[in-house]
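Written below as structure tokens is the structure these notes are about.
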Amino acid sequence: MGTGGAESFVAEMVRLSDHVGWHCAVASAGGPLADKLESQGRATTYNVPLSRRNLRRLVTSTTATRRVITDFRPEAILAHNVGVSVATGLARAGARPAIPMVSVFHGVAAEDYRNAARVLSRVPDHVVAVSAVIADRLVVAGFKGRPLSVIPNAITAPILMDREQARAELGIDNDVPVALCAARIVPQKRHDVLLDAWAQVKEPALLLIAGDGPDRADRQRQANDLGLGADRVRFLGVRDDVPRLLSACDVTVLASDWEGMPIATLESLAAARPVVATDVDGLTESAQVGGILVPRRNPAALADGLNTLLQDDELRQQMATQGQFDVLHRHDPENMMVAYDRILRSS
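Sequential numbering from 171 applies to the sequence shown in my numbering.
Laid out in structure tokens, this is it:
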């Protein structure tokens, strides 16, 4: 388990599993979140390589998943996203008694919806989409033949620290406007668009980029080419102190091409930090209150949204209060777990 949104979501489900009487095992490619779950004794963890659309890797992943099923003997399976659903569906074939499997769909790129619909129409017993928008898109792409439910991702309000203390620990002056982007540096998240927008944000203002990924070196070169030095952009790498970063920032930003229901946005709103984000998929649902939504791949519009919030303290505070109330009301963790439990027990 890396540190992406879906991985964080799984870790949160495990943390909340006692509320619904689950005893959990987590099969993943390993990583810091899996290590943390194991060390805390919250779940039995297994290392299973991801299939990554490669037949050889799919066979390896399926074989490893079958071993997990044999060892742990689950009464039900939650499979997150399409590739994992394929491997898990193959691995559970022939199990006696039959093991119900629910696929959790976090969204895909537009060009991949038809394939996702084809797989999810055949492999699981039930599909849960994390937002209504991506559920609708799945149906339009041809999904049929299986129950389809919508259960929005949930969030627990993070415990923040004193703003001045957080900034002192990060070496940030108190009077500098700060935006945070917490996202893997991959093409989907469009850090290139964000950096083009940030070059148009009024100085002084600092952008914190928390996350890593294959595009990091390219984005660092882009920042240099745009004249964005360390006083304007900081690449922080993978962080396990997001509450500290949220405490220090004024707003958060996400320039993604597509999203299911991003945990980073929910966490920001729950921390009373308004969001500037692209008007796509689950972002449209989650950030309607407490957010400024702009067209995707539009640096000028993204910069306008950032300038608006960073320069207007009163508006920012108003949106922060409204967004926090809305997200904690609509994205309650216990309600989410009860909904998943009901589906698993009836599948």
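We treat Cβ as the ideally placed atom computed from N, Cα and C, and that holds for glycine.
No experiment lies behind these values; they were computed from the predicted model shown.
Which residues in the same chain have their Cβ closer than 8 angstroms to the Cβ of residue i, if we skip the five residues on either side of it in sequence?
{"i": "Ser255", "result": "Ala249, Met271, Ser273, Val289, Leu290, Val293, Pro294"}
{"i": "Met331", "result": "Pro413, Arg414, Ser417"}
{"i": "Val497", "result": "Ile325, Leu436, Leu439, Ala440, Ser456, Val459, Gly460"}
{"i": "Leu376", "result": "Ile342, Val346, Pro347, Val348, Ala349, Asp401, Arg402, Val403, Arg404"}
{"i": "Ser516", "result": "none"}
Shortest alpha-carbon distance to residue i belongs to which of the options?
{"i": "Gly264", "options": "Asn505, Thr240, Ala299, Gly175", "result": "Thr240"}
{"i": "Gly475", "options": "Cys351, Ala305, Ala367", "result": "Ala367"}
{"i": "Ala470", "options": "Leu364, Glu339, Arg402", "result": "Leu364"}
{"i": "Gly211", "options": "Gly253, Asp496, Ser187", "result": "Ser187"}
{"i": "Gln370", "options": "Leu220, Ser516, Asn468, Leu498", "result": "Asn468"}
{"i": "Asn323", "options": "Ala457, Arg391, Phe405", "result": "Ala457"}
{"i": "Arg443", "options": "Cys419, Glu455, Ala425", "result": "Cys419"}
{"i": "Glu429", "options": "Lys359, Asp385, Ala234", "result": "Lys359"}
{"i": "Ala195", "options": "Leu220, Thr235, Gln492, Thr326", "result": "Thr235"}
{"i": "Gly253", "options": "Ala286, Ala279, Ala441", "result": "Ala286"}
{"i": "Gly493", "options": "Val184, Ile355, Glu437, Arg515", "result": "Glu437"}
{"i": "Val310", "options": "Ile321, Asp282, Glu334", "result": "Asp282"}
{"i": "Trp192", "options": "Ala280, Asp451, Ile247", "result": "Ile247"}
{"i": "Ile304", "options": "Arg333, Val229, Arg316, Val278", "result": "Val278"}
{"i": "Thr215", "options": "Arg389, Val180, Ser221, Arg386", "result": "Val180"}
{"i": "Phe466", "options": "Glu484, His361, Arg486, Glu504", "result": "Reading the sequence as shown, one finds Arg at residue 466 and not Phe. Of the listed residues, the one whose Cα sits closest to Arg466 is His361."}
{"i": "Phe242", "options": "Arg262, Gly399, Gln481", "result": "Arg262"}
{"i": "Asp385", "options": "Arg354, Ser426, Leu377", "result": "Arg354"}
{"i": "Val421", "options": "Arg391, Asp401, Ala473", "result": "Ala473"}
{"i": "Asp411", "options": "Arg223, Ile379, Val229", "result": "Ile379"}
{"i": "Glu504", "options": "Asp482, Ala352, Ile321, Val356", "result": "Ile321"}
{"i": "Val356", "options": "Gly399, Pro328, Ala425, Ala302", "result": "Ala425"}
{"i": "Ala302", "options": "Leu220, Asp502, Thr454", "result": "Thr454"}
{"i": "Ala327", "options": "Glu182, Gln487, Leu485, Arg486", "result": "Glu182"}
{"i": "Asp482", "options": "Leu398, Lys372, Leu340, Phe495", "result": "Lys372"}
{"i": "Gly383", "options": "Leu340, Leu406, Asn217", "result": "Leu406"}
Among the residues of its own chain, which have a CB less than 6 angstroms from the CB of residue i, if the five just before and after it don't count?
{"i": "Asn251", "result": "His276"}
{"i": "Met507", "result": "Leu186, His189, Val190"}
{"i": "Met171", "result": "Because Met171 carries a pLDDT of 47, less than 50, the predicted location of this residue cannot be relied on, and the following value inherits that uncertainty. Taken in chain order, the residues that qualify are Glu177, Ser198, Gly201, Leu203, Ala204."}
{"i": "His499", "result": "none"}
{"i": "Asp511", "result": "Val190"}
{"i": "Leu308", "result": "Ala287"}
{"i": "Ala509", "result": "Ile321"}
{"i": "Asn217", "result": "Gly200"}
{"i": "Pro317", "result": "His296"}
What residues in its chain sit with their C-beta under 7 angstroms from that of residue i, if we drop five residues either side in the sequence?
{"i": "Ile513", "result": "Val272, His296, Val298, Ser319"}
{"i": "Gly175", "result": "Pro432, Ile433, Ala434"}
{"i": "Leu260", "result": "Thr232"}
{"i": "Ala213", "result": "Val184, Cys194, Ala195, Val196, Leu207"}
{"i": "Gly315", "result": "Ser291"}
{"i": "Asn477", "result": "Val371, Lys372"}
{"i": "Asp502", "result": "Ala324"}
{"i": "Thr520", "result": "Any property of residue 520 remains undetermined from this structure, which presents the chain solely from 171 to 517."}
{"i": "Leu340", "result": "Ala418"}
Assign residue i to buried or exposed, taking buried as 16 or more other Cβ atoms, counted over all protein chains shown, within 10 Å of its Cβ.
{"i": "Pro374", "result": "exposed"}
{"i": "Asp345", "result": "exposed"}
{"i": "Leu350", "result": "buried"}
{"i": "Met268", "result": "For the sequence presented, residue 268 should be read as Ala rather than Met. With fewer than 16 other Cβ atoms within 10 Å, it is exposed."}
{"i": "Pro347", "result": "buried"}
{"i": "Val423", "result": "buried"}
{"i": "Leu225", "result": "exposed"}
{"i": "Gly447", "result": "Correcting the residue type first, residue 447 is Ala in the shown sequence and not Gly. Buried is the call here."}
{"i": "Ala336", "result": "buried"}
{"i": "Thr258", "result": "buried"}
{"i": "Asp451", "result": "buried"}
{"i": "Gly399", "result": "exposed"}
{"i": "Ala387", "result": "exposed"}
{"i": "Ser209", "result": "exposed"}
For my contact list, residue i and residue j are in at a C-beta cut-off of 8 angstroms; report their separation, rounded to the angstrom.
{"i": "Met489", "j": "Val300", "result": "The pair is not a contact, with the Cβ atoms about 23 angstroms apart (cut-off 8 angstroms)."}
{"i": "Asp449", "j": "Val464", "result": "6 angstroms"}
{"i": "Glu177", "j": "Leu203", "result": "5 angstroms"}
{"i": "Val408", "j": "Ala393", "result": "At roughly 18 angstroms, the Cβ-Cβ gap does not stay under 8 angstroms, so Val408 and Ala393 are not in contact."}
{"i": "Ile462", "j": "Leu480", "result": "About 11 angstroms; that fails the 8 angstroms criterion."}
{"i": "Gly312", "j": "Arg284", "result": "6 angstroms"}
State the beta-bridge partners of residue i as determined by DSSP.
{"i": "Phe405", "result": "Ile379"}
{"i": "Met271", "result": "Ile247"}
{"i": "Ala352", "result": "Ala380"}
{"i": "Asn217", "result": "Ser198"}
{"i": "Val320", "result": "Ala299"}
{"i": "Gly430", "result": "Gly430 is not bridged to any residue."}
{"i": "Gly312", "result": "According to DSSP, which records beta bridges pairwise, Gly312 is partnered with nothing at all."}
{"i": "Gly461", "result": "Val445"}
{"i": "Val421", "result": "Ala349"}
For chain C, is any of its Cβ atoms less than 8 angstroms away from the one on residue i?
{"i": "Arg236", "result": "Absent here is chain C; the protein component of the structure consists of one chain."}
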